[in-house]
Structures are given as structure tokens and as C-alpha cells.
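Visitor:
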């Protein structure tokens with residue numbers, strides 16, 4: 061293998077014109093990824109972006125890598141076949157809240173529990189954009205949309221809770237207004253062995269504009285985003301004046317640090333085997349209008365599915381030698397006719 | 164154990180034995196062992212396992228009856244037999260469920276211990292058929308199989324309740340004596356299979372021997388029989404089922420193509436045994452993936468194909484429904500993909516364990532848009548091996564999904580198979596793209612993923628990992644050559660036609676359909692898939708009556724072989740027997756505008772040769 065060539069963002073952009081609506085949050089996510097790639101130490105020819113259907117799913121067309129724009133919801137399944145047979149590749153799945161959590165919910169949870177080596181970026185805009193504005197599985201209850209003129213009746217999914225419940229080994233959240241944070245999280249997700257799940261709060265300026273404004277706008281961030289930093293007490297606010305404590309009954313609560321003292325704060329440990337605390341953190345905000353944790357909720361090590369699959373083959377071949385088809389055909393009762 | 168006997172041994176040309184009992188009685192195992200010992204004798208044979216979908220329906224009820232029919236002969240045979248010469252019935256329900264299949268004069272061997280009042284009532288008998296004269300048309304042998312088995316097992320310290328479970332081996336021993344089957348292979352098999360549980364091995368061995376000796380000494384039977392070896396072509400043979408042949412064919416194809424095999428599947432009857440078989444073959448480098456659902460199974464297989472593997476999914480009707488969208492994607496991506504559909508009775512859940520040629524039109528048309536795929540259809544269990552290789556060859560050469568239509572009858576049926584010379588099989592060239600295939604006007608080399616091979620019209624297969632060949636493909640319509648997204652109307656029609664012409668062009672490489680012609684024949688009997696045996700046997704019988712009949716059978720259903728139009732027009736009448744309501748016949752009528760007659764049966768069981776014969780007689784019997 062030759063040395064990995066030095067690249068720039070331009071090398072990672074395909075020659076296709078980007079066709080998202082002007083002002084779409086997807087542009088900043090694409091930029092963050094394209095700018096990050098030269099820093100990851102990976103090869104273009106060994107990188108594959110896969111997607112299903114939706115606005116986010118156009119992402120692979122814009123990356124100058126191998127790419128597969130598949131069918132609605134199925135990208136994690138297709139990526140499973142690719143990632144398990146080609147461990148030499150970097151497999152990325154780009155999906156949306158409808159693609160991953162509605163039609164493709166089954167594939168998402170199973171890819172996560174199996175811990176197949178792929179990096180899943182879920183662009184959550186809480187709306188169906190490509191089909192022009194119906195509510196999604198992450199839309200808030202009672203949302204008025206074209207398909208719910210009297211308000212939606214469905215309780216939304218919390219993607220982080222769902223991923224934790226699905227035994228994911230890496231679970232993180234970031235948002236489209238902060239390139240630096242996105243890149244930090246994407247890098248961590250990429251470097252994780254196994255399935256990495258990243259929820260990206262993403263603004264759909266046409267059908268659900270401002271869904272995350274209360275927490276991601278420049279003015280709101282310090283008081284509304286709770287950065288999760290491994291090994292550090294969980295605190296936020298311009299001066300770090302607020303923090304998270306755990307009550308004796310297990311509940312997490314936001315308090316003024318001055319009242320409880322820094323030692324009372326929960327210290328974030330993303331490597332905890334028990335996902336209970338991470339789950340509680342994912343439930344801290346009822347929606348993107350209350351202080352919301354961002355960063356890595358969970359990052360634990362567990363055997364990677366494709367590697368285990370390959371290991372079974374190696375072990376079988378060590379035990380039995382490489383398969384001999386002639387012998388296999390004769391493994392039952394045989395007889396010879398002269 | 165002495166295999167000789169004081170009584171005479173009569174020669175038979177052929178015999179059909181049907182073992183019937185409760186689902187839990189081990190009838191499939193019993194039939195399978197009888198089949199193997201017959202194969203080792205050198206008989207030709209054909210089997211028909213016939214079992215319910217329920218794993219253990221209530222014991223003693225008609226719903227729980229499981230049967231295994233095997234036809235053995237000293238000459239080449241084609242079907243598991245129209246009617247049993249011998250029915251072994253382990254209880255009243257087994258007798259009642261099967262007696263309708265047994266012709267007068269045939270032999271019934273019944274486990275008389277099971278004919279108590281309660282069991283008779285469960286089976287719906289108001290009086291005991293063994294005593295009410297209702298079986299007077301048959302030679303009935305009442306054998307106390309349960310009590311004799313318990314008796315011989317007692318000495319070995321086996322509890323009566325456990326010993327009862329070995330009574331199927333008593334039946335096997337008895338029938339093995341009756342047809343002079345060798346005992347050693349079965350004794351060896353029992354030792355190997357139950358070696359981990361010596362008590363069970365001992366009980367089964369004793370039951371088997373007791374059954375054999377019972378036949379020899381009980382003075383019930385006036386003679387026993389011998390079916391001599393059939394005249395097979397020289398070679399090494401084994402006995403094989405369709406599912407096993409298919410799994411091994413995939414292994415062979417993977418080796419011929421030099422492509423690692425990836426199987427993405429979801430368990431479904433009657434296809435699961437292919438997944439089971441390949442899951443055991445890790446030493447061949449096979450990756451098997453039991454997916455979360457049918458869609459994920461085919462999706463993962465397609466993902467593996469994108470990565471340069473041989474991607475395969477196996478399923479049955481309900482699963483084919485679910486896979487349709489992904490197969491359409493594979494049509495559009497133009498990637499090799501093997502979809503094995505082991506057909507069963509439909510619609511919906513239908514008849515999971517029964518055979519039906521249910522999905523031909525589904526395979527042809529079951530996708531939105533113009534989405535043609537090649538269809539391969541094996542005709543016998545052993546031909547599933549060849550069909551798997553054919554399917555892979557087409558898929559890889561033409562970069563297309565291929566549907567292989569097996570069915571429940573082929574999947575579970577067994578026949579002798581002359582082992583192929585693997586070294587003589589033609590390699591399959593995946594011909595991966597290795598370098599750019601185009602130069603831009605400014606001199607920059609470029610890779611265009613939808614440039615077509617002029618012969619096959621196939622596009623390049625360029626798995627990730629090769630610098631300079633990075634490209635994006637997807638389900639949206641693509642511009643010719645570049646593969647970029649295109650909504651251009653003219654381009655769409657051009658691409659639709661490329662894809663259609665590519666599949667149609669496969670016909671050029673297919674062998675002509677062979678016609679078993681007879682001078683003066685005015686009827687062609689045309690079939691596809693698992694009806695081959697019954698059709699061929701029916702045609703033979705019609706010919707024996709002096710009727711002039713031609714026969715042809717399709718191994719490739721889409722596209723049709725190039726000579727098929729000429730063949731179906733050559734005969735004044737065409738008869739198409741199918742285990743459905745007439746799916747191939749619609750295709751033939753539409754394609755060639757011939758007035759083909761359909762012969763249909765949709766009962767979850769194969770045609771009997773007699774039914775084919777009758778239909779032929781009806782059509783041309785007057786012209787003898």
C-alpha cells in the first residue's frame with residue numbers, strides 16, 4: 061500500500077451540483093464532512109457513503125468517493141452486507157428521521173445491536189422534506205402539517221434514547237450550526253470500532269424552519285446546550301453556572317452549581333457499561349426548547365460484527381482446512397456404478 | 164444379522180412405499196433411511212416428503228399426520244409414484260389421512276397397538292377399520308409395533324415411554340426386511356447419529372433389528388421382495404435433495420467465479436435448509452447472515468455484491484413479495500444478485516410446506532416499472548446444483564439480479580445424483596473494472612459506470628477500493644454512460660430499453676430447448692420446473708398406449724430460448740401442465756400467439772403421471 065495521499069476538501073467533493081434548497085442545514089453538514097475527510101487519514105477509494113431516501117439521502121452524490129443511493133430505509137441493511145464483507149472499507153450511512161426511524165427503524169436498531177462497522181449520521185429535522193412537509197417520527201406531538209391538519213397524534217421518538225435502547229456502542233448528538241462540534245463528533249464516530257450513531261439536529265428552512273433555534277442559535281447555545289465531556293462534571297451556561305445532578309431516586313435534574321457545589325454534579329463517563337445514566341441524559345430535555353445535552357453520550361467497546369464473522373471463517377479453516385468441494389460432495393453415502 | 168430368508172424372494176421392477184405417522188413419530192427420518200439404503204443398493208429412486216406446517220399438531224389427529232413416500236425401481240424413474248404399493252400407518256389418523264391414495268390390492272402395514280378406541284375416535288373413525296371389513300380390498304398386516312418395541316427395549320433398561328419413541332425404527336426394520344435392504348448402513352447410521360446418547364442408540368438398534376426379525380420369522384408375510392439395481396451410467400453417486408444441491412451449487416459457483424459467497428436470508432419454509440447448509444460451511448469462506456427481515460436479507464446481499472462478493476438471498480413466496488423493491492434496485496444498479504425462491508402454496512402464508520409453481524408471474528412481473536430479470540428453473544432435485552451455477556453465471560456476466568425458482572417438492576425431494584467433475588465446469592469471469600474506461604476531452608482519464616459491453620450490454624462492475632474508479636450509483640434514473648442522476652425523458656426511455664435489451668439478449672447464449680420429438684406427433688407437452696418427472700412419466704405412458712407425443716421442458720423461463728417459438732408452433736396442439744392456474748401458459752400464449760392448453764392442479768402436491776397421461780389421452784386419444 062502506498063502512503064495515503066494528502067488531500068483537500070476539493071478532492072472529496074464530486075462534480076455534481078448540490079441540489080438541496082438554499083439555506084438547508086444539509087449544506088453545512090456536507091461542508092463539515094468534506095473538510096473533515098482530509099484529516100481522517102483515509103483514502104477516497106476506500107470510503108463509501110450509502111443512503112436511503114429523503115433529502116439527506118442525496119448526500120453520497122456529492123462526495124467524490126464510492127457511493128450508493130439506495131431505497132427508503134434500507135441503507136443500514138445494505139451497508140451491513142458491504143461492511144461485513146469488506147472490512148477494508150470506511151462505510152458511512154447518511155439518513156434522516158423518516159428514513160431511519162420510520163420505514164427503516166428495524167434495520168437501524170439491528171445494525172446498532174449487531175455493532176456492524178459503520179458510521180450512521182442521522183440528519184434530524186423533525187419533518188418530511190422531500191415529500192413536502194408531512195410530520196415525521198421525531199415531530200413534536202400535536203404538530204400541524206399537511207398530513208396532520210388537526211395536529212399529529214404520535215408521541216415522537218427520541219433518537220438517542222432509541223439508539224441506547226438498541227444496544228448501540230457509540231451514541232452522540234451534534235447540530236448543523238456548529239462545524240467544529242460536528243467535526244469533533246464525526247471524527248469520534250468514524251474512529252469508533254463498530255456501529256456509531258450520530259444524531260445531527262438539522263434545520264429544514266422550508267418545512268420546519270427554526271425547529272432547533274431555541275437551543276442552537278448563537279445566542280442560545282451557552283444556556284441551552286449541555287456539552288458532554290468525558291471525565292468532566294456536566295455543567296453549562298456562559299460561566300458554567302448550571303449543572304446536572306442525580307437525585308437519590310435516579311432522576312437527573314438541572315441545578316445552579318452555586319447551590320449544590322461542583323462536587324455534587326454528575327461526572328460524565330461515556331464508557332460506562334450500564335447505559336442507564338446515558339439514557340437518563342437523553343431524557344433530560346423534553347424537546348429542543350429545553351437545555352439539551354450534546355456530544356458523546358456513550359462510547360463503549362464491544363466485538364464488531366464483521367470481524368467476528370471473519371473470525372468464524374478463520375477458525376473453521378484452521379480446524380478443517382480450506383473447504384474442499386469434491387470432498388463435500390462425497391460427504392454423504394456414495395456408491396459407484398461400474 | 165442374516166439377510167437370507169427361508170421364504171422365496173420375489174423380484175419387483177419397482178415399488179412405492181409410503182410411511183405415515185404423527186409429526187412426532189419420525190416418519191421423515193424413517194423414509195429418509197429407507198431411501199438411503201435403497202440408493203446404496205443401486206436403485207433409482209424419487210422421494211416425496213409430505214408434512215404439515217405445524218411442528219407438532221395434536222398427536223393422533225389428521226392435521227398432525229406426516230408422510231414420506233419413496234419410489235424405488237430397477238430402472239430409471241421420474242416421480243415418487245402415483246400410488247403407494249405399501250402404506251405403513253403408525254396410527255389410525257395416518258391410515259385415514261392416506262388410505263385415499265392407496266389403490267385396491269395394495270399392502271397396508273399398520274401398528275395395531277395404536278388402534279385403541281381413543282385413537283380411533285381422534286382420527287374420526289366411528290368403528291375400527293381393522294375389524295369392520297372396510298379394508299377388505301387391501302392386504303392388511305397388523306403388527307404390534309409399539310409393544311414389540313417396548314419389549315425388546317425393556318431388556319436394555321429403556322423405560323416403556325422412551326422405548327415407544329423407537330417404534331419408527333421397528334417399522335423401518337420390517338420394511339427393510341420386506342424389500343431386502345441391507346441393514347449395516349442403517350445400523351452404522353444409528354450408531355453415528357445417536358452415539359452421544361447410548362440409551363437411545365441402543366433402543367433404536369434393538370427396535371430396528373426386532374422389526375427386521377419380525378418380518379423374517381413371524382410367518383405373516385409369504386414372501387419378501389427384491390428391487391434390483393437400476394442401470395445407471397457409470398460414475399460415483401450420492402443421494403441429494405434440492406435444497407442441498409442448491410447450496411452446494413452456490414458453493415461451486417462461488418469457487419468458479421472466485422467470488423466470496425455472502426448469503427443474506429431470513430428463515431422461511433421451505434427455503435431455510437439452504438441457509439442451514441451454508442451456515443455450516445464456514446471453511447469455504449461463506450458468510451451467512453440471518454437478517455432481521457426478508458428485506459434486510461436481500462439488502463445485505465446487494466450490499467455485498469456492491470462490494471464485489473457473490474450476493475445471494477434465499478426465500479419463499481412471502482419473502483419474495485418483501486424483496487421486490489430491492490430486486491428492482493438491483494435491476495437499476497445493474498449489480499449481480501441471486502434470489503432463490505423455493506416456491507410454496509400461496510397467496511399470503513398459504514401452504515408453507517407444500518409445493519406450488521406459485522411465483523412465476525411474480526418473478527416475471529412483480530416489480531414496479533420495467534424491471535426484467537432472468538429466471539432459472541431447475542427440473543429435478545439434483546439439477547438445483549446446475550441451476551445455481553447457471554444463475555450465478557448469468558448474474559455475474561450480465562450484472563443483473565437473477566431469480567431461481569425452486570419449489571417445496573424439489574427442495575425436500577431426493578434422488579440419486581451422479582457427482583459432477585468439478586474441474587470440467589467452466590469458470591465464471593467477474594471481470595472487475597480495474598482502470599478508467601474513458602478520457603475526457605482535456606485528456607483526463609475517467610471512469611464511467613454505465614458504459615456497456617457491446618456483446619452483453621452489461622456495465623462494468625467496479626467494487627470500491629480501486630483509486631480512480633470512485634463513482635456513485637443509485638435508484639434514481641441515471642444518465643447513460645455517466646450514471647449521474649438524470650430526469651431527461653429521452654434518456655429514461657433509452658435506459659429502460661438498454662435494460663430490457665440486455666436481459667432479452669441473454670437468449671442468444673442459452674441452449675436451445677430440447678424436444679423429445681416423435682414423428683407424427685401432433686401434441687407438444689411443455690413444462691418448466693418440478694413438473695418434469697410427472698410430465699415425462701405421463702408422456703411415456705401415453706406413448707406406450709400408441710399416442711404420438713412430443714415433450715419439451717424449460718430450464719430458463721426468462722428469456723425464453725431462441726428456438727422456443729418455432730418449437731411451440733411446430734405442433735398443432737400444445738399442453739402446458741402446471742401446479743398453478745396457468746402461468747407459463749399465459750406467457751407462451753402472449754409471446755407466441757399459440758393456443759396452448761393449460762393443465763392445472765393447485766393442491767400443494769405434484770402431478771401424478773396418470774393425470775398427465777389422462778390429459779394427453781383427452782386431447783389426442785381419438786387420433787390413435
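Protein chains in written order, with my numbering: chain B, 61 to 398; chain U, 164 to 787. Cβ coordinates follow ideal geometry from the N, Cα and C atoms, glycine included.
#1: Please give the ranges of any beta strand (DSSP E) in the region 273-349 of chain U, keeping only runs that are unbroken, at least 3 residues long and fully inside the region.
#2: Could you round the C-beta distance between residue 593/U and residue 470/U to whole angstroms and report it? I think they count as a contact, below 8 Å.
#3: Using a Cβ cut-off of 8 Å, pull out every chain B residue sitting near residue 400/U, in sequence order please.
#4: Assign residue 525/U to one of two classes, buried (16 or more other C-beta atoms within 10 Å of its C-beta) or exposed (fewer than that).
#5: Within the continuous beta strand (DSSP E) that includes residue 174/U, where are the two ends?
#6: So, helix, strand or coil for residue 789/U, using DSSP?
#7: For residue 376/B and chain U, any beta-carbon pair shorter than 8 Å?
#8: Restricting to Cα atoms, I'd like to know which of 102/B, 208/B and 254/B is closest to residue 366/B.
#9: Count the other CB atoms, across all protein chains shown, that sit within 10 Å of the CB of residue 296/U; report buried if there are 16 or more and exposed otherwise.
#10: Please report the residue range of the alpha helix (DSSP H) in which residue 691/U lies.
#11: What are the start and end residues of each continuous beta strand (DSSP E) run of 3 or more residues lying completely inside the region 172-242 of chain U, in chain order?
#12: Please report the distance separating the alpha-carbon of residue 399/U from that of residue 126/B.
#13: Return the Cβ separation of residue 149/B and residue 628/U in integer angstroms, given the expectation that the two are a contact with Cβ distance under 8 Å.
#14: Between the C-alpha atoms of residue 499/U and residue 418/U, what's the straight-line distance to the nearest angstrom?
#15: I want to see whether chain U comes within less than 8 Å of residue 243/B, judged by CB atoms only; does it?
#16: Just checking: is the beta-carbon of residue 168/U within a distance shorter than 8 Å of some beta-carbon in chain B?
#17: Less than 8 Å separating the beta-carbons of residue 162/B and residue 197/B?
#18: Pick out the complete beta strand (DSSP E) segments inside the region 450-537 of chain U, 3 residues or longer, and give them in chain order.
#19: Is it true that the CB of residue 182/U sits closer than 8 Å to the CB of residue 251/U?
#20: Are any of the Cβ atoms in chain B nearer than 8 Å to that of residue 458/U?
#21: The alpha helix (DSSP H) with residue 224/B in it runs from where to where?
#22: For a contact defined as C-beta to C-beta under 7 Å, what are the partners of residue 382/B on chain U?
#23: Would residue 120/B count as contacting chain U if we go by Cβ distances under 8 Å?
#24: Find the residues of chain B that neighbour residue 489/U, judging by a C-beta separation of less than 9 Å, and give them in chain order.
#25: So with Cβ pairs under 8 Å, would you call residue 648/U a contact of chain B?
#26: Please list, in chain order, the chain B residues whose beta carbon lies closer than 7 Å to that of residue 472/U.
#27: Could you spell out where the alpha helix (DSSP H) holding residue 772/U opens and where it closes?
#28: Specify whether the region 83-97 of chain B and the region 275-289 of chain B touch according to this definition: at least 3 beta carbon pairs, one from each stretch, less than 8 Å apart.
#29: Mapping DSSP to helix, strand and coil, what is residue 570/U?
#30: Measuring CB atoms only, is the region 199-211 of chain B touching the region 236-252 of chain B, in the sense that at least three cross pairs come out at less than 8 Å?
#31: With DSSP as the reference, please indicate the residues paired to residue 404/U in a beta bridge.
#32: Determine the extent of the alpha helix (DSSP H) in which residue 95/B is found, giving its start and end residues.
#33: In angstroms with no decimal places, state the Cα-to-Cα distance between residue 187/U and residue 662/U.
#34: Answer yes or no: does any C-beta atom of chain B fall closer than 8 Å to that of residue 732/U?
#35: Quick one: using the 10 Å Cβ neighbour count with 16 as the cut-off for buried, is residue 342/B buried or exposed?
#36: In chain U, which residues lie less than 9 Å from residue 105/B when you measure between Cβ atoms?
Guide: Based on what the coordinates show:
#1: 302-306
#2: With a Cβ gap of about 12 Å, residue 593/U and residue 470/U do not count as contacting.
#3: 394, 395, 396 and 397
#4: buried
#5: 172-175
#6: Here chain U comprises residues numbered 164 to 787, so residue 789/U is not present and cannot be evaluated.
#7: yes
#8: 254/B
#9: exposed
#10: First-last for residue 691/U: 686-691, but that is the beta strand (DSSP E), not the alpha helix (DSSP H).
#11: 172-175, 177-185, 207-213 and 228-236
#12: 48 Å
#13: 7 Å
#14: 16 Å
#15: no
#16: Below a pLDDT of 50, predicted positions are generally treated as unreliable, and residue 168/U, at 46, falls in that range; the measurement from the model is reported next regardless. It does not; no Cβ of chain B falls within 8 Å.
#17: yes
#18: 450-453, 473-478 and 500-506
#19: yes
#20: yes
#21: 219-225
#22: 446
#23: yes
#24: 130, 131, 134, 137 and 138
#25: yes
#26: 145
#27: 772-783
#28: no
#29: strand
#30: no
#31: 577/U
#32: 85-96
#33: 50 Å
#34: no
#35: buried
#36: 627, 628, 629, 630, 631, 632 and 633
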